[in-house]
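Asks: The sequence shown begins at 490 in the numbering used here and counts up by one. All residues carry an ideal CB built from backbone N, CA and C; glycine is no exception. A quick note: this is a predicted structure, and the numbers were derived from the prediction, not measured.
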Amino acid sequence: MNDVRQKISALRAQFGKKLCILGHHYQTEAIIQHCDRTGDSLELARQITSIDAQYLVFCGVYFMGEAAALLTRPNQQVFLPDPHADCMMALMASGCHVHNVLCEIQAMGKDVVPIAYVNTSVGLKAQVGVFGGAVCTSANAKAVLSWALSTNKTVLFLPDKHLARNTARALGLNADDWQILRLSGDGLIDKANDLKQKRLLIWPGCCPIHSQMRVQDIQRLRAELSNCAIYVHPECPPEVVEACDGAGSTSYLIKTAEKLAKKSLPKNVVIGTESNLVERLRQRHKDRLALLPLKEAYCPDMNAITEQKLLTLLQNIQRGTAQPVTIKEAEREPAQNALQRMLTITQ
Ligand code: SF4
């Protein structure tokens, strides 16, 4: 065991039940081995309220720490090993910009309900709460979008244009039903006539990691490999989702690999998502499956969390000098409402 690893283990033992380390599935194996709990965004969000530890260390990107801080009790603190590790997609939609766009859509005479993917800032989630909307994850986007459409209001889905269209298609909507918004620096370029009759308005953001997946890669692998099944995350472009054998959240991809490994069929399984997770699944099932990435695609922000940063954070928590994630009081309640609405819709 290396020196850093040993020091982390020793500190974890000293903190005992006061400390809980959570890790997103996209973390490296070096980090995952130190985690008390692992999961995707929905699984980890659901676990937060059952954790009694005083210090929650979230190995993931900034919005995940913020979401955890929204769900913790006043005597708990959330820390991030690298507070500068942020989600590139979350940065594509600020709370202020979304507020302006929602006001402009309302000024066109439309009753609008926003749905925010969990990969967004607390400031944006707060705007969604103020406008009566809900948060969603890739695991429950279908249920949350279905709820929003049932209100008979115009739905604004943000920020992921791929997840929005993949989910809308799964609910039977087609390209005539939606519009990807054209945005100016602080508002909307589209006019009322452009948005007429559209049930679903879509923010033009995306995950740069999952957007790298291409139909050509699917075609090449199908030609090269016999007996091959391909599964992707719904943050991939719609044409990729259409060309594969199944699409779903991180937990769906993990469960699918497990099921196929138990059956030992098909022989070749291709997974299109962040590469740390694909590599972990490949190692886990290597005796039963030949598991390959659709494309090598590492998230640099997820990879910014290192054992050295985790160790430094634990040492700073012990000294009392670590900075916990803080939430602006004005944003706390509306953002909690948007998160809670998701948990209520999907319970
Ligand atoms: S993989 Fe994509 S969605 Fe996930 S944290 Fe990285 S940039 Fe954000």
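Using the rule of at least 16 other Cβ atoms within 10 Å of the residue's Cβ for burial, across every protein chain shown, is L783 buried or exposed?
Replies: Buried, because 16 or more other Cβ atoms sit within 10 Å of the Cβ of L783.
Asks: My output table needs one value for W667: the three-state DSSP class, helix, strand or coil.
Replies: Three-state result, W667: strand.
Asks: For F547, list the residues DSSP reports as bridge partners.
Replies: Paired residue(s): L511.
Asks: Output needed for L677: all residues of its chain with C-beta closer than 8 Å, excluding positions within five of it in sequence on either side, in chain order.
Replies: Only N589, V590, E593, I594, L670, R671 meet the Cβ criterion.
Asks: Run the CB neighbour count on G598, radius 10 Å, all protein chains shown included, and call it buried at 16 or more, exposed below.
Replies: So G598 ends up on the exposed side.
Asks: Is it a yes or a no for the stretch 763 to 777 touching the stretch 741 to 754, going by three-plus beta-carbon pairs under 8 Å?
Replies: Segments in contact, yes.
Asks: Could you check the C-alpha separation between A643 and L742 for me, to the nearest Å?
Replies: According to the sequence provided, residue 643 is Thr. The question's Ala does not apply to it. If you take the alpha carbons of T643 and L742, they lie about 31 Å apart.
Asks: Could you tell me whether the Cβ atoms of I452 and A637 are closer together than 8 Å?
Replies: Beyond the ends of the chain as shown, which are 490 and 836, falls residue 452; an answer cannot be given.
Asks: Quick check: does the Cβ of V550 come within less than 7 Å of any heavy atom belonging to ligand 1?
Replies: For ligand 1, at least one heavy atom lies less than 7 Å from the Cβ of V550.
Asks: For R658, which residues in the same chain have their Cβ closer than 7 Å to its Cβ, ignoring the five residues on either side in sequence?
Replies: So the qualifying residues of the chain are P727.
Asks: Please go through the stretch 603 to 636 and give each complete beta strand (DSSP E) segment of 3 or more residues, from N-terminal end onward.
Replies: DSSP runs (the beta strand (DSSP E)) wholly in the stretch 603 to 636: 623 to 625.
Asks: Between which two residues does the beta strand (DSSP E) containing A718 stretch?
Replies: Counting along the chain, the beta strand (DSSP E) containing A718 begins and ends at 717 to 721.
Asks: Thinking just about the alpha-carbon of each residue, which of V814, P823, D492 is nearest to the one in Y544?
Replies: Minimum Cα distance to Y544 is reached at V814.
Asks: Who's in the neighbourhood of ligand 1, going by beta-carbon under 7 Å from any heavy atom, listed in chain order?
Replies: Going by the Cβ distance cut-off, the answer is Y515, V550, C576, M577, M578, A579, N608, C696, P697, I698, H699, E724, E763, C788, D790, M791.
Asks: Can you give me the C-alpha to C-alpha distance between Q829 and K631, rounded to a whole angstrom?
Replies: Roughly 17 Å separates the two Cα atoms.
Asks: Counting Cβ pairs closer than 8 Å, one from the stretch 572 to 584 and one from the stretch 533 to 552, do we hit at least three?
Replies: The stretch 572 to 584 vs the stretch 533 to 552: in contact.
Asks: Are H722 and S635 closer than 8 Å when you measure CB to CB?
Replies: No, Cβ-Cβ distance for H722 and S635 is not below 8 Å.
Asks: For T813, which three-state DSSP category applies?
Replies: Before going on, a small fix: residue 813 reads as Pro here, not Thr. It is coil, neither helix nor strand.
Asks: For D649, does the three-state DSSP call read helix, strand or coil?
Replies: Note: D649 maps to strand in three-state DSSP.
Asks: To the nearest angstrom, how far is it from the Cα of Q522 to the Cα of S498?
Replies: About 10 Å.
Asks: In whole angstroms, what is the alpha-carbon distance linking V617 and D776?
Replies: Their backbone Cα atoms lie some 46 Å apart in a straight line.
Asks: Report the three-state DSSP secondary structure of G584 (helix, strand or coil).
Replies: The answer is helix: DSSP assigns G584 an H, G or I state.
Asks: Compute the beta-carbon to beta-carbon distance between M831 and V624, rounded to the nearest angstrom, for a pair I have assumed lies under 8 Å.
Replies: That pair is a contact at about 4 Å.
Asks: How is the beta strand (DSSP E) around L781 delimited, first residue to last?
Replies: 779 to 782 is the extent of the beta strand (DSSP E) around L781.
Asks: Mapping the DSSP letters down to three states, classify I451 as helix, strand or coil.
Replies: Here the chain covers residues 490 to 836 and nothing more, so residue 451 does not appear.
Asks: Is the CB of A653 under 8 Å away from at least one CB in chain D?
Replies: Structure shown: chain D not included; a single protein chain is present.
Asks: According to DSSP, is N757 part of a helix, a strand, or is it coil?
Replies: If DSSP states are grouped into helix, strand and coil, N757 belongs with the strands.
Asks: Quickly, what does DSSP pair A736 with across the bridge? List them, please.
Replies: BP columns for A736 point to V721.
Asks: Tell me which residue opens and which closes the alpha helix (DSSP H) that L803 is part of.
Replies: Segment 796 to 808, the alpha helix (DSSP H) holding L803.
Asks: Please name the residue in G622, L508, D529 whose C-alpha comes closest to that of H514.
Replies: Comparing Cα positions, the closest option is D529.
Asks: Reducing DSSP to helix, strand and coil, say where G505 ends up.
Replies: Correct three-state label for G505: helix.
Asks: Checking 8 Å against the spacing of the C-beta atoms, do G694 and L647 come in under that value?
Replies: It is a contact, given that the beta carbons lie within the stated cut-off.
Asks: How far does the beta strand (DSSP E) with I540 in it reach, from first residue to last?
Replies: No beta strand (DSSP E) contains I540, which DSSP labels as neither H nor E.
Asks: Closest by CA to P789, which one among C725, Q516, P563, L662?
Replies: When only C-alpha atoms are compared, the closest one is Q516.
Asks: Would you mind reading off the limits of the alpha helix (DSSP H) that contains Q565?
Replies: Here Q565 belongs to no alpha helix (DSSP H), and DSSP marks it neither H nor E.
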